[in-house]
Amino acid sequence: MFTSSLGKKYIMALTGIVLIGFVFVHMAGNLQILLGQEAINAYAHALQSLPMPILWGSRVFLIVCVILHAWTAVVLIRENRAARPHANEIEVTKRAGLASLKMGFSGITLLLFIVFHLLHFTIRTIYPEYDDLMTTVGSPNEGEIHDVYSMVLAGFNHLWISIFYVVAMFSLSGHLAHGFSSVFQSLGIRSESWGKKLDLAGKAYAWSICLGFSIVPVLVTIEKFGFITFFETSTYSFPVALN
Amino acid sequence: MKLILKIWRQDGPQDEGDFEIHQIDQVSEDSSFLEMLDQLNEQLLGEGIEPILFDHDCREGICGTCSLTINGLPHGPENSTTTCQLHMRKFSDGDTITIEPFRARAFPVVRDLVVDRSAFDRITQAGGFITVRTGSAPDGNALPVPKDDSDLAMDAAACIGCGACVASCKNASAMLFTSAKAGHLNLLPQGKAEKDKRVLAMVSAMDGAGFGNCRNYGECSAACPKDISLDYIAKLNRDHAKAKIKKIFS
Ligand code: FES
Chain H
1 MFTSSLGKKY IMALTGIVLI GFVFVHMAGN LQILLGQEAI NAYAHALQSL
51 PMPILWGSRV FLIVCVILHA WTAVVLIREN RAARPHANEI EVTKRAGLAS
101 LKMGFSGITL LLFIVFHLLH FTIRTIYPEY DDLMTTVGSP NEGEIHDVYS
151 MVLAGFNHLW ISIFYVVAMF SLSGHLAHGF SSVFQSLGIR SESWGKKLDL
201 AGKAYAWSIC LGFSIVPVLV TIEKFGFITF FETSTYSFPV ALN
Chain W
244 MKLILKIWRQ DGPQDEGDFE IHQIDQVSED SSFLEMLDQL NEQLLGEGIE
294 PILFDHDCRE GICGTCSLTI NGLPHGPENS TTTCQLHMRK FSDGDTITIE
344 PFRARAFPVV RDLVVDRSAF DRITQAGGFI TVRTGSAPDG NALPVPKDDS
394 DLAMDAAACI GCGACVASCK NASAMLFTSA KAGHLNLLPQ GKAEKDKRVL
444 AMVSAMDGAG FGNCRNYGEC SAACPKDISL DYIAKLNRDH AKAKIKKIFS
């Protein structure tokens, strides 16, 4: 089923669907930080307290999708290079857009980003101090829970990290813009009559996701330079080690 | 008009190949691109230089024999046109024109601008036919075909198998050709019966010939002299998935 050239495209499309859906759910979850410390902490705590099989099942499933997606891409690109050993003297592109031509580049950026992001906020090896951020705000009972709100504000308090996140989200929007409509083409449910609308929907989706993810680091950064006070980070005292 | 031609020369499949520069004068604006090359070859013969080899046959845009990548574009700058139907009035006096063979591993260069496109024949031989005995033509309306289907099948059948899709594809994929040939038959009642078998066989012949994988760029359709639509690729993707699934459960 998946060994032929088309089979590999099916893998790209099917894992792509999972990841396209995942970024939306992740973004919607993130945006709760705009509602305040209580909302995001409670949400994060609820996710963390999901039953083991569900929590780890979905984590493993997502990672398998990313690995399959990336690995198949590597195989496809290698085969494609081999299929055209001699470049044209003059290389002309008539129809393909930048986003589609740069899927490899945006893909690699995203892969690096995913590794960094997991080490940053999930496994927390980059700043192990984040582990010590505990609070009762947002806790379902009186017990202390992990203070995700403070961690995110502290995380984006570093300018370079915010920039890296936003750059990665631009890559993501490019990757989604081509990926979204490609899913339909590769699975054979696209036609040129509604393809134009599909491409537009893909672009709209891509940009909304990019915006939804970028808004948090952008707000924190603007606040850091004193233009607005949205999160009121100044009234909020980070543990010294975090700054 | 006067032109500078930068033309690919290659002695054989094993040869490295390189560009050669020739100047040509007094080209008529009304001549076709191939007539201009004829004129150049006359000139080269006069100078004692080997003429340049290129493919051509009907010279009326229906056989798919002519090829050439002209200034980076298979079949040249004019849309929906084969090289033989391209006229020199599309160029200006003093232009430098770069002429290369169609480039793909599956299309090895035979000599100069001539490439071996028999990989397409192997795809067609794998399933681009129906297995009923041919005989005299059946009665006009003995087999009802809805107009929409026959139109779509005819659009796919317009493919002349020139290979511009492969040459324009940055991945040298043959999906547009294969999907047009399969789609043309799969849409008609005569071809439907063997649809699954055909699709699987043609895709595997395509993969075996060393073409690349489609990345949905759409360059093929933009280069196609017959404007074959990307819809046939989508249809082949769908039909192939269905055929595979049926095979697993049969
Ligand atoms: S020579 Fe027949 S199509 Fe150009």
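Those protein sequence lines, which keep their order, are chains H and W. Counting along the first sequence from 1, when you hit position 229 you're at 229 in our numbering, and nothing is skipped either side. When you read off a place in the second sequence, starting at 1, and then add 243, the result is the number in our numbering. Just so it is clear, CB atoms sit at the ideal spot from N, CA and C, and this is done for glycine as well. Note that the coordinates shown come from a computational prediction; the quantities given were computed from them, not determined experimentally.
With fewer than 16 other beta carbons inside 10 angstroms of its own, P256 (chain W) counts as exposed. By alpha-carbon distance to H69 (chain H), the top candidate from H:K8, H:L50 and H:A83 is H:K8.
Neighbours of K478 (chain W) in chain H, taken as residues at a C-beta separation under 7 Å, are given in chain order as G188.
Secondary structure of T3 (chain H) (DSSP, three-state): coil.
Within the region 59 to 85 of chain H, the residues whose Cβ lies closer than 7 Å to any Cβ of chain W are, in chain order, L76, E79, N80, A82, A83, R84 and P85. For F262 (chain W), the enclosing beta strand (DSSP E) has its first and last residue at D261 to I267. Counting only unbroken stretches of 4 or more residues, no alpha helix (DSSP H) element lies wholly within the region 45 to 82 of chain H. Counting along the chain, no alpha helix (DSSP H) covers V375 (chain W), and no H or E run does either. Contact of C457 (chain W) with chain H by beta-carbon distance below 9 Å involves S5, L6, K9, Q185 and S186. The beta carbon of E259 (chain W) does not come within 8 Å of any beta carbon belonging to chain H, so the residue lies off that interface. Using a Cβ-Cβ cut-off of 8 Å, V446 (chain W) counts as an interface residue toward chain H, since at least one Cβ of chain H sits closer than that to its own.
Close to the ligand FES, as judged by a C-beta nearer than 7 Å to any of its heavy atoms, are the residues W:H299, W:D300, W:C301, W:R302, W:E303, W:G304, W:I305, W:C306, W:G307, W:T308, W:C309, W:T325, W:T326, W:C327, W:Q328, W:I403 and W:C405, in chain order.
Within the DSSP bridge table, the entry for S416 (chain W) names W:G455 as partners. In its chain, beyond the 5 residues on either side, I145 have a beta carbon closer than 6 Å to the beta carbon of H45 (chain H). Under DSSP, no beta-bridge partner is assigned to S193 (chain H). Between P85 (chain H) and R348 (chain W), the CB-CB gap stays under 8 Å. For V92 (chain H), a Cβ of chain W is located within less than 8 Å of the residue's own Cβ. Closest by C-alpha distance to T324 (chain W), out of W:I295, W:L473 and W:I403, is W:I403. Excluding the 5 residues flanking it on each side, H299 (chain W) has same chain C-beta neighbours closer than 7 Å at L277, T308, C309 and C327, in chain order. Using a Cβ-Cβ cut-off of 7 Å, E343 (chain W) is close to N88 and E89 of chain H, given in chain order. Of all residues in the region 467 to 493 of chain W, only S472, L473, D474, I476, A477, K478, L479, N480, R481, D482, H483, A484, K487, I488 and I491 come within less than 8 Å of chain H when Cβ atoms are compared, listed by chain position. In the three-state scheme derived from DSSP, where H, G and I count as helix and E and B as strand, V352 (chain W) is classed as strand. For M134 (chain H), the beta-bridge partners assigned by DSSP are H:H146. Against chain H, the beta carbon of N314 (chain W) has neighbours under 8 Å at I90 and V92, listed in chain order. Using a Cβ distance threshold of 8 Å, D439 (chain W) and K478 (chain W) do not count as a contacting pair. Between G179 (chain H) and N480 (chain W) the beta-carbon gap is near 15 Å, outside 8 Å, which marks them as no contact. With respect to chain H, the C-beta atom of A347 (chain W) has a partner C-beta closer than 8 Å. The three-state reading of DSSP puts I313 (chain W) in strand, counting E and B together. Just so you know, the alpha carbons of M331 (chain W) and V64 (chain H) end up roughly 55 Å apart.
Judged by beta-carbon spacing, Y130 (chain H) lies within the 8 Å limit of M151 (chain H), meaning their Cβ atoms are closer than that value.
Using a CB distance cut-off of 8 Å, M1 (chain H) counts as an interface residue toward chain W. Contact between F231 (chain H) and E223 (chain H) holds: their C-beta atoms lie close to 6 Å from each other, under 8 Å. Contact of A96 (chain H) with chain W is assigned, a C-beta pair being separated by under 8 Å. In this structure the region 388 to 403 of chain W touches the region 413 to 429 of chain W; the number of beta carbon pairs closer than 8 Å is three or more.
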